[in-house]
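Let me begin by presenting the structure, written as structure tokens, before commenting on it.
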């Protein structure tokens, strides 16, 4: 049976919850289309992530691969098409590092492009009544790093599988502290299920 | 049995749905605490609303009164404490009128204050995990008009009952066209039920 | 010769500059239309301001009165028409006080309205190419307090003079720390001169 | 004497002015550091721009090259470090074209990186009191196209000169219609002069 690797992140920057980690946990072991989901929660670490992503690809040999992360002020599901070769953050990651405008890979390309075509996925999310949009900039934090390095890991192993990144809004409970947009977990799970089904279709 | 009058608005400005009207319909006839909800959907009309509000008060003799309306870019439940004596709108209401910075009542006070104390209500919504905030400005559209004229109608009849206004975010389906914050209908209904229970407690 | 009282505020909340204080200093002693400007810089203090405003009115017997303050995220000149009877602030003023949703005056009206008609003033600012807008909500900080208490002081003394409040954006130097809109001091001074000329015309 | 090519754009999307075109006109022929500025105004055209950029490089053989464009909601000077291989616009360009998520160059790299190091330039702008920030996403309109194709033109000709793109805020006159951040033309010109001096230093 085909496998979909679905990763989220642990909480960061003083937060106690990260919707992407919650969705990964909720869908771990689920069956979507004809595939089984392997849900994993990753550390928010510029340094440790590249190796961890490589290991997940090696161990799991997934047939499709989706990363998820939190985009704090975002009101919608946001599908990331580009990952740039850059790390920059004003706030420290969970290892205490805040990279200042430096390349992710000194010899890598300026950017990589998601291998799952995202235009049709956005259309299907919207057809299902879920606010979603296509994005051309995944930021310069660990989410962008995930997509850049996941695509690199697949290239290096010559594995041509669908791979993309999903930015999620805050959970309602996160919007209690600062006035910001949010989306209930159930709606996020429904959205990610739909993206996953599309990724498996393309696998 | 005590009665809570709960009003929402019809769609406006080209929209096909208004969450406040949907919530009013969903809760019409519901029992909250020891009270029965009378849910009504009002026209978005600067001219017709004052008389309609007066009639609802006269006919229903409610024991508590909550207005609801849409605040298009708002990401949270917003409880309105003030209504100012002003009508101003760049966009026409459903009668084609767009008042330009004019008083709602040439001889009325500069503002009126909601008779339901809203600080504790916000605290209870947040304790229930629902993003909510206290607001000091209800705008200058029909929502502000509702609160100003509802409080006027109660004053004129010397009816001292809890009365306030709830601004709701867009529904997810409304956020499909423009990228904006949204909240599912079920969460809105849960929030309004909680506000209503507090209003009845104070009645 | 008629006198225009023009007040700004000192820096607050850790800032080192406040554009409103700078403009007050720059225009102190200036002649605008047929009037002399008396420019004063006030403390950001919920407790001390009411008495200080009263003293300025008593000592100066101004023929027109304009308050100015900073609206940190505002990109335009914003003319305030309403002051509500409320003080609320998440951040402490310069005395360390952060009032939590409490009335400015336990027996005062719910709001007061600026006595300088602001619609035409906005039109003249815009005709001069200066981004400006009419506002119906002055917030719940010391700016709103200024307008509420200045109008109260004038009422109490039965002095019918033009009185309004001007919110200014950040200065470019303030926008260095946080990415926010700003306006150079010279353009602010030009804008305030124009508002002042209109206030004196109405005096 | 070395030459700096400095391009802006004509107005678009119904506008009557474009600050980037104004700055290009103002600085055409100016001497900055030891160089002469060649200021040019380009059409907002996804189709015609690539060839026009190539011609400017061929005819002028510039020693440094800066593009400028308008970023409508941006409050600061924004220096663009990345150009992605994508064109996407909801609104038509001046030829009536609105590309829908398509590559700029079917065989080109996923992105190109500005050849003028921008971190130090941002630091100098800020030291001069000018609100400025480093950006990692130039959008998907003609501004991003300019940077992608300018860098391509230089690569193809093996010309290693400093090249980057500057996004400018609205002019105050543009902020009259919609409430948005703005910056006076003189401050923009000062900012662009500073960026240009840095580019010539690196040439």
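Chains as they are written, first to last, in the working numbering: chain A, 6 to 208; chain B, 6 to 208; chain C, 6 to 208; chain D, 6 to 208. Each residue gets a CB set at the ideal place from its N, CA and C atoms; glycine is no exception. This one's a predicted model, so the numbers in the text were calculated from it and none came from an experiment.
C-beta contact flag for residue i and residue j at 8 Å
i	j	result
residue 2(D)	residue 7(D)	Given a span of 6 to 208 for chain D in the structure shown, any question on residue 2(D) remains unanswerable.
residue 92(A)	residue 205(A)	no
residue 156(B)	residue 168(B)	yes
residue 179(C)	residue 20(C)	yes
residue 138(C)	residue 188(C)	no
residue 184(A)	residue 79(A)	no
residue 106(B)	residue 90(B)	no
residue 44(B)	residue 32(B)	yes
residue 148(B)	residue 51(B)	no
residue 190(B)	residue 55(B)	no
residue 22(A)	residue 197(A)	no
residue 115(D)	residue 114(A)	yes
residue 158(C)	residue 59(C)	yes
residue 119(B)	residue 160(B)	no
residue 186(A)	residue 186(B)	yes
Three-state class that DSSP yields for residue i in the structure shown
i	result
residue 44(D)	strand
residue 25(C)	helix
residue 155(C)	helix
residue 116(B)	strand
residue 36(D)	strand
residue 171(B)	strand
residue 13(A)	strand
residue 132(A)	helix
residue 66(C)	coil
residue 139(A)	strand
Chain F within 8 Å of residue i, Cβ atoms only
i	result
residue 134(B)	As a matter of chain content, chain F is missing from the structure shown, whose protein chains are A, B, C and D.
Alpha-carbon to alpha-carbon, residue j and residue i
i	j	result
residue 48(D)	residue 88(D)	19 Å
residue 141(B)	residue 72(A)	41 Å
residue 194(D)	residue 42(C)	33 Å
residue 135(A)	residue 181(B)	7 Å
residue 124(B)	residue 83(B)	11 Å
residue 122(C)	residue 162(B)	33 Å
residue 145(A)	residue 126(D)	20 Å
residue 10(C)	residue 101(B)	42 Å
residue 130(C)	residue 177(D)	11 Å
residue 35(C)	residue 199(C)	13 Å
residue 26(D)	residue 75(A)	38 Å
residue 172(C)	residue 94(B)	21 Å
residue 164(B)	residue 143(B)	23 Å
residue 61(A)	residue 15(A)	16 Å
residue 53(C)	residue 170(A)	54 Å
residue 166(B)	residue 70(B)	7 Å
residue 112(D)	residue 112(A)	20 Å
Chain-order list of residues whose beta-carbon lies under 6 Å from that of residue i (same chain, five-residue window excluded)
i	result
residue 38(A)	202, 205
residue 117(B)	88, 153, 156
residue 17(A)	49, 99
Residues near residue i in its chain [Cβ-Cβ closer than 8 Å; skip 5 each side]
i	result
residue 30(D)	13, 44, 46
residue 65(C)	8, 10, 43
Other residues of its chain near residue i: CB distance less than 7 Å, five sequence neighbours each side excluded
i	result
residue 192(C)	135
residue 96(B)	18, 103
residue 133(D)	199
Segments of 3+ residues assigned as beta strand (DSSP E) that fall wholly inside the segment 71 to 114 of chain C: Within the segment 71 to 114 of chain C, the runs of beta strand (DSSP E) that reach at least 3 residues and sit entirely inside it are, in chain order, 82 to 85, 87 to 89.
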